[in-house]
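Novice: Please see the structure below; I have some questions.
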Amino acid sequence: MKKILFLFLAISIAGCKKSEKKVEVVSKPEVKLFQLVGGSILVKKLEVFSQDTTYTGQSKQFTDAYYVISHPKGNLMWDAGLPEQLVIPEPFDEPSGVYRIQRPDSLVNQLKSIGFKTEDFKYFAMSHSHFDHTGHANLMKDATWIVQENEYNANVGDSVKTKNAAITALKKVQKIKGDYDVFGDGTVVIKYTPGHTIGHQSLYVEVAGLEKPILLTGDLYHFEENRANKGVPSFNYDAEETLKSMEKFEAFAKEKNAEVIIQHSPIAFKKLEELLKK
798 MKKILFLFLA
808 ISIAGCKKSE
818 KKVEVVSKPE
828 VKLFQLVGGS
838 ILVKKLEVFS
848 QDTTYTGQSK
858 QFTDAYYVIS
868 HPKGNLMWDA
878 GLPEQLVIPE
888 PFDEPSGVYR
898 IQRPDSLVNQ
908 LKSIGFKTED
918 FKYFAMSHSH
928 FDHTGHANLM
938 KDATWIVQEN
948 EYNANVGDSV
958 KTKNAAITAL
968 KKVQKIKGDY
978 DVFGDGTVVI
988 KYTPGHTIGH
998 QSLYVEVAGL
1008 EKPILLTGDL
1018 YHFEENRANK
1028 GVPSFNYDAE
1038 ETLKSMEKFE
1048 AFAKEKNAEV
1058 IIQHSPIAFK
1068 KLEELLKK
């Protein structure tokens, strides 16, 4: 009887130790997410966001969000809004006639509102290198720029004749190929979603206190109908690659039960704003 009791206690203790180890493995660091406005974009010719004439004669208001991710191992800024030259009293109608654009405030002032400074960032990454995502990139020159190698080569490689000055200011560069776990614990993961540009990427974030993880689209989608209909803008680098990325993105979103936030959508901006207040 004593032998049986001893064996039972030994098994129980071993089981408890295994449980303790399991809890230790699944515990995640506290990650915070902040959403900021990098600009306002009125698309006056929405047809450019389709491969056909679907939106001819239509216009649509976009927002231009960027994000701060606070992690115990360092801070990451995701995207950079419109250039600060667009912090002006009246919106600017750019020469193509497609966009009316304006930025509400400077990076320094916006960061101050959430208790950060430009020098507080260890990492900086952009979904891609279009003008509405690279605006204040030059102010992040002290951070390490995490970028897909093909996106880097297409924008600041030696063979590129005309380069975006905001990007060329970034000298600390970490080139990646494909998905990348920023802090090595699965809480902040860059997802490779090419097609909009050659090295476009999206961002997965497990935010402390939220029921669902957040999945930032970059410009894989631009508005809700665009996502529902798998619409591909006329100016995308590769339409077929975009559709493949959409398929992979949706499978990943379903797997993680993630809250998808379309970065240019005012609706999604408000939704995330409400979630982050909880």
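Converting from the sequence shown to our numbering requires adding 797 to each position, the first position being numbered 1.
Heads up, the beta-carbon is just placed ideally off N, CA and C, and yes, glycines get one too.
Keep in mind it's a predicted model, so treat the numbers as computed, not measured.
Taking Cβ positions, are VAL979 and TYR949 nearer each other than 8 Å?
Specialist: One-based indexing of the sequence shown puts residue 979 at position 182. One-based indexing of the sequence shown puts residue 949 at position 152. No.
Novice: Nearest to GLY1006 by CA position, among THR851, ALA877, LYS1075, PHE1032, is which residue?
Specialist: Counting from one through the sequence shown, the residue named residue 1006 turns up at place 209. When each option's Cα is compared against that of GLY1006, the closest is LYS1075.
Novice: Three-state secondary structure (DSSP) at ILE911?
Specialist: For the purposes of this step, residue 911 is identified with residue 114 of the sequence shown, where counting begins at 1. Coil, per DSSP.
Novice: Quick check on the DSSP output: what are the complete alpha helix (DSSP H) runs of length 4 or more inside the segment 976 to 1059, in order along the chain?
Specialist: Those alpha helix (DSSP H) runs which fall completely within the segment 976 to 1059 and span 4+ residues are 1021 to 1025, 1036 to 1053.
Novice: By the 10 Å Cβ neighbour count, where 16 or more other Cβ atoms means buried, how is VAL986 classified, buried or exposed?
Specialist: Against the sequence shown, residue 986 aligns to sequence position 189. Counting Cβ neighbours within 10 Å, VAL986 comes out buried, since at least 16 surround it.
Novice: Look at the alpha carbon of LEU1069 and the alpha carbon of GLN1060, and state the distance between them as a whole number of angstroms.
Specialist: Stepping through the sequence shown from its first residue, residue 1069 is reached at position 272. Stepping through the sequence shown from its first residue, residue 1060 is reached at position 263. Their backbone Cα atoms lie some 10 Å apart in a straight line.
Novice: For PRO886, which of GLY836, GLN858, SER847 has the nearest alpha-carbon?
Specialist: Sequence index remark: in the sequence shown, residue 886 carries index 89 (1-based). Nearest of GLY836, GLN858, SER847 to PRO886, Cα basis: GLY836.
Novice: If you compare alpha carbons, which of GLU1047, ILE1011, ASP1035 is closest to ILE1058?
Specialist: For the purposes of this step, residue 1058 is identified with residue 261 of the sequence shown, where counting begins at 1. Comparing Cα positions, the closest option is ILE1011.
Novice: Just to confirm before moving on: does the CB-CB distance between PRO1030 and VAL845 stay below 8 Å?
Specialist: Counting from one through the sequence shown, the residue named residue 1030 turns up at place 233. Counting from one through the sequence shown, the residue named residue 845 turns up at place 48. For PRO1030 and VAL845, yes; Cβs fall inside 8 Å.
Novice: Within this structure, are the beta carbons of THR965 and LEU936 separated by less than 8 Å?
Specialist: Position 168 of the sequence shown, counted from the start, is the residue given in the question as residue 965. Position 139 of the sequence shown, counted from the start, is the residue given in the question as residue 936. No.
Novice: Which word fits ILE838, buried or exposed, when buried means at least 16 other C-beta atoms lie within 10 angstroms of its C-beta?
Specialist: Along the sequence shown, read from residue 1 onward, the residue named residue 838 stands at position 41. Answer is buried; the Cβ neighbour count reaches 16.
Novice: With DSSP as the reference, label LEU879 as helix, strand or coil.
Specialist: Within the sequence shown, residue 879 is the residue found at index 82, counting from 1. Here LEU879 sits in coil by DSSP.
Novice: Ordered along the chain, which non-local residues of its own chain (more than five positions away) have a Cβ less than 7 Å from that of LEU1073?
Specialist: For the purposes of this step, residue 1073 is taken as residue 276 along the sequence shown, with counting starting at 1. Closer than 7 Å at the Cβ level, and outside the excluded window around LEU1073, lie LEU830, GLN832.
Novice: Per DSSP, SER867 forms a beta bridge with which residues?
Specialist: The sequence position of residue 867 within the sequence shown is 70, counting from 1. DSSP, once it has assigned bridges, lists LYS829, ASN872 as partnering SER867.
Novice: By Cβ distance below 8 Å, which residues in the same chain neighbour ALA1055 in space, the five residues on each side in sequence not counted?
Specialist: Here residue 1055 corresponds to residue number 258 of the sequence shown, with the count starting at 1. Once the five neighbours on either side are set aside, the close Cβ partners of ALA1055 are TYR1001, LYS1009, PRO1010, ILE1011, LEU1012, PHE1049.
Novice: Cα separation between VAL828 and GLY871?
Specialist: Position 31 of the sequence shown, counted from the first residue, corresponds to residue 828. Position 74 of the sequence shown, counted from the first residue, corresponds to residue 871. Taking the straight line joining both Cα atoms gives about 10 Å.
Novice: Could you pull out every residue in the same chain whose Cβ sits closer than 8 Å to the Cβ of PRO1063, ignoring the five residues on either side in sequence?
Specialist: Counting from one through the sequence shown, the residue named residue 1063 turns up at place 266. Cβ within range, chain order: GLN858, PHE859, THR860.
Novice: Expressed to the nearest angstrom, what Euclidean distance is found between the alpha-carbon atoms of LYS1114 and THR941?
Specialist: Past the edges of the chain, shown from 798 to 1075, lies residue 1114, and the structure says nothing about it.
Novice: Excluding sequence positions up to five away, which residues of its chain have a Cβ less than 6 Å from the Cβ of GLY1028?
Specialist: To locate residue 1028, count along the sequence shown from 1; it is residue 231. Result list for GLY1028: SER847, in chain order.
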